[in-house]
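Student: To convert a position in the sequence shown, counted from 1, into the working numbering, add 153.
Don't be surprised by glycine CBs; every beta carbon is placed ideally from N, CA and C.
All values derive from a computational prediction rather than experimental measurement.
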Amino acid sequence: MFKRILPNLFLTVLVFLLPQSGWTIEAPNGFRGITWGTPLSKLTGMIVADDSGQVKYYRRSGDSLSLGEAELKRISYGFYRDKFYSVLIEFEGKENFEKAKTHLLATYGETAKIGSTGTSYRWRTANGTSINLKYSEIARQGHVFLFSRIIAEQP
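1) On the criterion of 16 or more Cβ atoms from any shown chain inside 10 Å, does A265 qualify as buried, or is it exposed?
2) With respect to 7 Å, is the separation between the Cβ of A279 and the closest non-hydrogen atom of the ligand SAH below this value?
3) Closer than 6 Å by C-beta to S273: which residues in its own chain qualify, once you throw out the five before and the five after it? Chain order, please.
4) Relative to the C-alpha of A253, which residue among G198, L241, E224, Q207 is closest?
5) Which residues mark the beginning and the end of the alpha helix (DSSP H) in which L257 is found?
6) Which residues mark the beginning and the end of the beta strand (DSSP E) in which R302 is found?
7) Restricting to runs no shorter than 3 residues, where is the beta strand (DSSP E) found entirely within the segment 181–216?
8) If we ignore side chains and look at the alpha-carbon of each, how far apart do R98 and E263 end up?
9) For N280, which of helix, strand or coil comes out of DSSP?
10) Taking DSSP as the reference, what is the three-state secondary structure of A292?
11) Check whether chain B comes within 8 Å of A259, counting only Cβ atoms and requiring the distance to be less than that.
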């Protein structure tokens, strides 16, 4: 699953690094109590999910597999150079996409739709967090990808 998603995530990161006016919102500086940039060594309960690339992904034991009312398949925490950098939230089905979209719109406000199908959305926060919601009608799967643009831009 990661091998199919990771190339698309790389492109998503590049798109989010480009200046985009009108998409800036306020949001927390991380995810579920973990601040962007936190070293992996400072966290407990992290289980290796994929350590084959520059970004190493972990799952957190005891994580609630919900986002608002959406039921999630899994949540993977990405670490770039041992710093908390991203979150990949995966779900299945149109109903969970709609619930995730409702939650994100309520939390972060209206934003830009990408394409004409209404299955891809992007947010940018003032503190350097970018959020991408995407759903594939064909695969009946989707994801929310959050990442720190500040960590992504570090050499």
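Tutor: So, from the data block:
1) exposed
2) Among the components of this structure there are no ligands whatsoever, and the ligand SAH is therefore not found.
3) I267, K287
4) E224
5) 247–261
6) Run containing R302: none in the beta strand (DSSP E); it sits in the alpha helix (DSSP H), 302–305.
7) 199–203, 208–213
8) With the chain running from 154 to 308 in the structure shown, residue 98 is simply not present.
9) In the structure shown, N280 sits in coil (DSSP, three-state: anything other than H, G, I, E or B).
10) Coil at A292, not helix or strand.
11) Of the chains in the structure shown, none is chain B; there is only one protein chain.
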